[in-house]
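Take the sequence shown: its position 146, counted from the start at 1, is 146 in full-length UniProt numbering, and no numbers get skipped.
Note that CB positions come from ideal geometry on N, CA and C, so glycine has one too.
Please read all numbers here as calculations on a predicted model, not as lab measurements.
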Amino acid sequence: GRPEVVANSANQPVWRAKNYAFHREVMQQGGSFGALNLGFPGQYYDAETNLYYNWHRYYDPSTGRYTQADPIGLAGGVNTYGYAVSRPTAFVDPNGLQVIDPITGVEVGRFIVDSRGNTIVEPVGGKTIPYPPFKLDSPDTHTCYANGSNAYRLNPQGHANNPQPHGHAHLPGTGPARRGQGVSLNVRGQVVPPNSPGAHIPLRSTLGAYGAIGVFQMIFHEYVNSRVCAADPCACGPCA
1 GRPEVVANSA
11 NQPVWRAKNY
21 AFHREVMQQG
31 GSFGALNLGF
41 PGQYYDAETN
51 LYYNWHRYYD
61 PSTGRYTQAD
71 PIGLAGGVNT
81 YGYAVSRPTA
91 FVDPNGLQVI
101 DPITGVEVGR
111 FIVDSRGNTI
121 VEPVGGKTIP
131 YPPFKLDSPD
141 THTCYANGSN
151 AYRLNPQGHA
161 NNPQPHGHAH
171 LPGTGPARRG
181 QGVSLNVRGQ
191 VVPPNSPGAH
201 IPLRSTLGAY
211 GAIGVFQMIF
221 HEYVNSRVCA
231 ADPCACGPCA
């Protein structure tokens, strides 16, 4: 989600960087434009310290970690100095506190990974169950919000009206099961009809070359990039 090139009105690059997983190298800088100090979402570069200000903490790009422990303690994860659970291309930590799921917009409690490497989010205070709950050997997995409503539904074998492996994402609803389920979301976090193609997020049917990174993480990376581009088109290509 970090900008790499900024261009002027003549489509000439005025700033350029090479992004790595946890840091970046500025390749071109200067002229009338000056410097671009935006880092990961919520971060702003402090040239005096060579650190990124991240609201509640400072982030050190040379180590890929925060310089202070998480102010909320273990609620943000057991690694209190880590950034976005060491997955900066998949998740964001805009406040330097709790990792945020960019699709539902809720705080991440933990990550649930199936045997095929597909990963979904369990919200803070929520739980994970097989579905239906009484069928413990079911291939389907649901993560739930604190009130029991579905957050993510993982259907690695599909189902009767859609045999392709897929998942679903939802905003908080009123309670458990389908009757209490919240509205459906697509990979950009937009509300969509529950039976629409956008509500069916594709998954892998077997463990592939990406290992346990999971299709959802790759989708999150695309989503974060799309949000940055929508907010600042100059961060993603030539300015109009």
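- Taking each of P71, N79, F40 and W55 in turn and checking the Cα distance to P61, the smallest one comes out for F40.
- About 3 angstroms separates the beta carbon of G64 from that of F22, a gap short enough to meet the 8 angstroms contact definition.
- The beta-carbon distance between N54 and G96, rounded to whole angstroms, is 4 angstroms. This is short enough to meet the 8 angstroms contact definition.
- Annotation: the continuous beta strand (DSSP E) that includes Y58 extends over R57 to D60.
- A Cβ-Cβ separation of about 6 angstroms places T104 in contact with A151 under the 8 angstroms criterion.
- Around the beta carbon of F134, a 10 Å sphere encloses fewer than 16 other beta carbons of the protein chains shown; the residue is thus reported as exposed.
- With contacts defined by Cβ atoms closer than 7 angstroms, G198 and N186 form a contacting pair.
- In this structure A10 is exposed. Its beta-carbon is surrounded by fewer than 16 other beta-carbon atoms within 10 angstroms.
- In the structure shown, R188 falls within a coil segment according to DSSP collapsed to helix, strand and coil.
- Judged by their CB atoms, G126 and S149 are not nearer to each other than the 7 angstroms cut-off.
- In this structure, V26 keeps its C-beta atom at 7 angstroms or more from the C-beta atom of P13.
- Between the alpha carbons of N8 and T80 lies a gap of roughly 40 angstroms.
- If you check the CB distance, G109 and V92 do not come in under 7 angstroms.
- The alpha-carbon of N118 is positioned some 17 angstroms away from that of P102.
- CA-CA distance, P132 to Q190, rounds to 27 angstroms.
- Taking 3 residues as the minimum length, the beta strand (DSSP E) runs contained wholly in the segment 10-70 are 13-19, 24-28, 44-46, 51-54 and 57-60, in order along the chain.
- Counted as a single uninterrupted DSSP element, the beta strand (DSSP E) harbouring F111 occupies residues V108 to V113.
- With contacts defined as CB atoms closer than 7 angstroms, R116 and P156 qualify as a contacting pair.
- Within the same chain, Cβ atoms closer than 6 angstroms to the Cβ of Q164 are found at G158, the five residues on either side in sequence being excluded.
- In this structure, the straight-line span from the alpha carbon of L36 to that of G182 is close to 39 angstroms.
- For R153, the enclosing beta strand (DSSP E) has its first and last residue at N150 to N155.
- Q28 counts as exposed, since fewer than 16 other beta carbons sit within 10 angstroms of its beta carbon.
- Nearest Cα to S196 within the set N161, W15 and P130: N161.
- Nearest Cα to G42 within the set L74, Y58, F33 and R24: Y58.
- The shortest CA-to-CA distance from A177 to any of S138, I201, P202 and I129 is the one to I129.
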